[in-house]
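Protein chains in written order, with this note's numbering: chain A, 1 to 227; chain B, 1 to 95.
Notes to accompany the following structure.
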């Protein structure tokens with residue numbers, strides 16, 4: 001089990017089991033990845049956020065559509081802050097044997113029943129992405145909305161992850177021979193998740209300056225001590 | 001200006017989310033929705049205080065890290081601790 005704590009620490013146990021699961025399925029489920037208090041805080045922020053429809057495109061090809069949380073929403077900054085955690089990077093490198101992780105770039109999105117929100121097979125194998133992450137941030141039960149990971153050539157399904165509990169996550173490999181997709185929500189919902197990619201570049205310092213600043217998220221922050 | 005003393009023991013408020021990014025840290029008060037950034041020195045102090053809240057131990061360790069005299073370090077530590085207490089990010093632990 002791995003859990004990101006409120007104090008920035010990361011609790012970890014049974015890493016061998018997680019490593020074995022990942023090696024077998026190229027995907028590993030991380031139960032209760034966020035401490036409940038942080039999860040509840042994020043959910044509160046998401047509940048009051050305004051989402052916008054966004055199409056997923058690869059070149060000229062659209063392969064999906066969901067609701068996204070805009071860059072200006074504080075919940076997105078909190079989400080990115082939580083997962084740009086050096087200790088968590090090190091644990092993931094150990095579980096997956098991936099090359100060193102430089103940063104995490106994430107989004108929060110929602111799939112709503114009856115709106116054709118789904119994401120077709122695609123690879124995400126770009127932009128120095130090493131691993132993908134999805135964490136359930138929702139408060140509603142739903143059916144459908146299944147994540148699937150397959151081999152590109154043989155189309156053999158390697159992993160399938162149905163609805164998890166809020167705070168649960170899974171991490172999967174990004175590689176040229178792999179594709180993944182999200183099936184449509186078939187009942188209940190909406191399905192709200194944080195998604196993103198652990199990337200090798202840029203390094204965390206560079207990334208933080210560009211994407212983890214309060215100003216970018218439109219959030220007023222105070223610097224201590226006063227200077 | 002009233003001189004403020006250094007509390008012997010402090011604790012981190014249970015509604016504070018802390019995250020360190022490359023040597024600098026972000027504090028989010030989940031109760032008031034306020035965000036705070038600590039510079040590298042403030043981050044070091046926070047990390048030391050987070051170990052067990054003993055401010056004298058923190059001061060001793062700061063002296064091992066920074067080439068400043070004890071009086072200066074004590075003043076800086078006191079000011080930061082008091083400011084963090086005023087913001088509700090730390091609380092004084094009474095004996």
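From the three backbone atoms N, C-alpha and C, an ideal C-beta is built for every residue, glycine too.
Checklist entry - To which residues does DSSP link residue 55/A through a beta bridge? => result 65/A
Next on the checklist: I'd like the ranges of any alpha helix (DSSP H) spanning at least 4 consecutive residues and lying wholly in the region 104 to 165 of chain A.
Outcome noted: none
Checklist entry - Given that residue 38/A touches chain B, what residues does it touch there, using C-beta distances under 7 Å? => result 17
Next on the checklist: Taking 8 Å as the limit between beta carbons, can you name the residues of its chain near residue 30/B, skipping five residues before and five after?
Outcome noted: 15, 16, 17
Checklist entry - Just reading off the alpha helix (DSSP H) that residue 64/B is part of, what are its end residues? => result 55 to 65
Item to check | N-terminal and C-terminal residue of the alpha helix (DSSP H) that residue 232/A is part of | outcome: Only positions 1 to 227 of chain A appear in the structure, and residue 232/A is not among them; the question remains open.
Checklist entry - Can the beta-carbon of residue 173/A be found closer than 9 Å to that of residue 131/A? => result yes
Item to check | Residue from 90/B, 21/B, 25/B whose Cα sits closest to the Cα of residue 52/B | outcome: 90/B
Checklist entry - Is residue 193/A closer than 9 Å to residue 117/A when the C-beta atoms are compared? => result no
Checklist entry - Which residues in chain A sit within 8 Å of residue 51/B, going by Cβ to Cβ distance? => result Those within 8 Å of residue 51/B in chain A number zero; the least Cβ separation is about 11 Å.
Item to check | Where residue 233/A falls: helix, strand or coil (DSSP) | outcome: Within the shown structure, residues of chain A are numbered from 1 to 227, placing residue 233/A beyond reach of any answer.
Item to check | Near-chain A residues of the region 24 to 48 of chain B - C-beta to any C-beta below 9 Å | outcome: 24, 25, 26, 27, 28, 30, 33, 34, 35, 36, 37, 38, 39, 41, 42
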